[in-house]
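Enquirer: Residue numbers (our numbering): 3 to 357. Where a beta carbon is used, it is the ideal one built from N, C-alpha and C, also for glycine. Here you go, one structure.
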Ligand code: ASP
């Protein structure tokens, strides 16, 4: 008998119609009444953590989720978190950094239509998630949605209404789930125990971290952006992620102010990380002069193939530890975790970014 714990947080999956629109208000008992058909060999418990639209997700909610998994870790074989789709990719990335080396699966799922609606994706998503969480080969943090299993560090919401709402960015999907069959494509130990070794352990014990620094700012560039706000952003935040264009670069309109701000701080005091607005294939600052100017003049981080959501979450996780050297911050950022990057620190050291 497999024991699965469902943690509910709200979102569309557990929403009901109200005069003001959909609100997440379903109790665990109501949710249990809607549960799809699950094999008799799987026992399910449900804990209601909160009832929020995931737009309202905060660091405090993340810590509550981490504590709930930590406190029940030994009692269950797998975990399914019902979560709103809007910020699910951020939560999945954050859990990938704050719960490492989990030999048990931690699955995030949700829906585009509430589970109580006649036409809904909630039942199949929940059924697939429970099935995946109960599979002896599953481990680590993943999103299960619309028949896809996506690494927690690689998910992105790409559709606001259709059922196929998530995509895996810069990494193939871990698996497909079709008619109750799990077809695995990636067999990396971060996500999958080797076939036939259902009880295999990586040897490393699960590690939980509940320190998160929310002071990470994401600045999306638009053509002709005014630099006026930059000094204030630098004053308030510990890290600034610049979501640049294409392969990456800083527009001339921002350059002088940005460089003046960067020059005021040591690299470990204010982290600047460059990423791209382009969904696939990552940043490549070395390609163009607009990218080389900043990467050649300052000690900054480059997200490369790490997704935007994972970049923000990884910095929030890293910067929760205070008084780290620049070398330590670089080492942690470029060290692959749960397949968030396929570029190793060694490759980076010999390359352009890591100096
Ligand atoms: N606004 C909802 C949420 O993220 C959307 C959803 O769950 O699909 O909570």
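#1: Give a yes or no on whether the C-beta atoms belonging to residue 287 and residue 259 are separated by under 7 Å.
#2: Quick check: what's the CA-CA separation for residue 38 versus residue 107?
#3: For residue 125, which three-state DSSP category applies?
#4: Measure the C-alpha to C-alpha separation of residue 143 and residue 246 and round it to an integer number of angstroms.
#5: Quick one: Cα of residue 179 to Cα of residue 43, how far?
#6: Quick check on the DSSP output: what are the complete alpha helix (DSSP H) runs of length 4 or more inside the region 276-309, in order along the chain?
#7: Going by DSSP, name the residue or residues bridged to residue 194.
#8: Output yes or no for whether 7 Å exceeds the beta carbon distance between residue 227 and residue 250.
#9: Can you list the alpha helix (DSSP H) stretches of 4 or more residues lying completely in the region 53-130, in chain order?
#10: Near residue 281, which residues of its chain fall below 7 Å by C-beta distance, leaving aside the five closest residues on each side in sequence?
#11: Using three-state DSSP, classify residue 357 as helix, strand or coil.
#12: According to the neighbour-count rule (16 or more other Cβ atoms, all chains shown, within 10 Å of its Cβ), is residue 123 buried or exposed?
#13: Let me check understanding here. Comparing Cα to Cα, which of 320, 340, 324 and 341 lies closest to residue 332?
#14: Please name the residue in 6, 150 and 191 whose C-alpha comes closest to that of residue 184.
#15: How many whole angstroms separate the CB atoms of residue 86 and residue 27, which I take to be in contact at a CB cut-off of 8 Å?
#16: Indicate whether the contact test is met: 3 or more Cβ pairs, each with one atom in the region 79-93 and one in the region 103-121, closer than 8 Å.
#17: Please list, in chain order, all residues of the same chain as residue 193 whose beta carbon is under 6 Å from its beta carbon, the five residues on each side excluded.
#18: Count the other C-beta atoms from every protein chain shown that fall within 10 angstroms of the C-beta of residue 357, then say buried if there are 16 or more, exposed otherwise.
#19: What's the gap between the Cα of residue 131 and the Cα of residue 9?
#20: Can you tell me the Cα-Cα spacing of residue 23 and residue 266, whole angstroms?
#21: Classify residue 156: buried if its beta carbon has 16 or more other beta carbons within 10 angstroms, exposed otherwise.
#22: For my contact list, residue 6 and residue 210 are in at a C-beta cut-off of 8 Å; report their separation, rounded to the angstrom.
#23: Taking Cβ to Cβ, would you say residue 99 is nearer than 7 Å to residue 316?
#24: Which residue from 152, 57, 195 and 162 puts its Cα closest to that of residue 140?
#25: Alpha carbon to alpha carbon, how far is residue 225 from residue 103?
#26: Are there 16 or more other CB atoms within 10 angstroms of the CB of residue 344, so buried, or fewer, so exposed?
#27: Would a C-beta distance cut-off of 7 Å place residue 311 and residue 95 closer than the cut-off?
Expert: So, to answer that:
#1: Their beta carbons are not under 7 Å apart, which means residue 287 does not touch residue 259 by this criterion.
#2: Taking the CA atoms as reference points, residue 38 sits about 20 Å from residue 107.
#3: In the three-state reduction of the DSSP assignment, residue 125 falls in the helix class, which pools H, G and I.
#4: Roughly 28 Å between the two C-alpha positions.
#5: One C-alpha to the other measures close to 19 Å.
#6: Within the region 276-309, the complete alpha helix (DSSP H) runs of at least 4 residues are 291-299.
#7: Among the bridge pairs identified by DSSP, residue 194 is matched with 140.
#8: Going by C-beta atoms, residue 227 is not nearer than 7 Å to residue 250.
#9: Secondary structure in the region 53-130: the alpha helix (DSSP H) runs of 4 residues or longer, each lying completely within the stretch, are 61-74 and 90-100 in chain order.
#10: 158 and 171, listed in sequence order.
#11: Note that residue 357 scores a pLDDT of 39, beneath 50, so its modelled location is shaky; the value from the coordinates is reported in the next line. Collapsing the DSSP output to three states places residue 357 in coil.
#12: Looking at its Cβ environment, which holds 16 or more other Cβ atoms inside 10 Å, residue 123 is buried.
#13: Among 320, 340, 324 and 341, the Cα nearest to that of residue 332 is on 320.
#14: Nearest option by C-alpha distance: 150.
#15: Actually they are not in contact, since the Cβ atoms of residue 86 and residue 27 sit about 13 Å apart, beyond 8 Å.
#16: Using a C-beta cut-off of 8 Å, the region 79-93 makes contact with the region 103-121, since at least three inter-stretch Cβ pairs fall below that distance.
#17: In its chain, beyond the 5 residues on either side, 142 and 176 have a beta carbon closer than 6 Å to the beta carbon of residue 193.
#18: For residue 357, the predicted model reports a pLDDT of 39, less than 50, meaning its position is unreliable and no value from the coordinates is stated.
#19: Cα to Cα, the separation comes out at about 12 Å.
#20: Rounded to the nearest angstrom, the two C-alpha atoms are 48 Å apart.
#21: It is buried - the Cβ of residue 156 has at least 16 other Cβ atoms within 10 Å.
#22: Taking C-beta atoms under 8 Å as the contact rule, residue 6 and residue 210 fail to qualify, at a distance of about 19 Å.
#23: Annotated as proximal: residue 99 and residue 316, with beta-carbon spacing under 7 Å.
#24: Of the listed residues, the one whose Cα sits closest to residue 140 is 195.
#25: Linking residue 225 to residue 103 through their CA atoms gives a straight-line distance of about 42 Å.
#26: Flag for residue 344 reads exposed.
#27: The answer is yes: Cβ separation under 7 Å.
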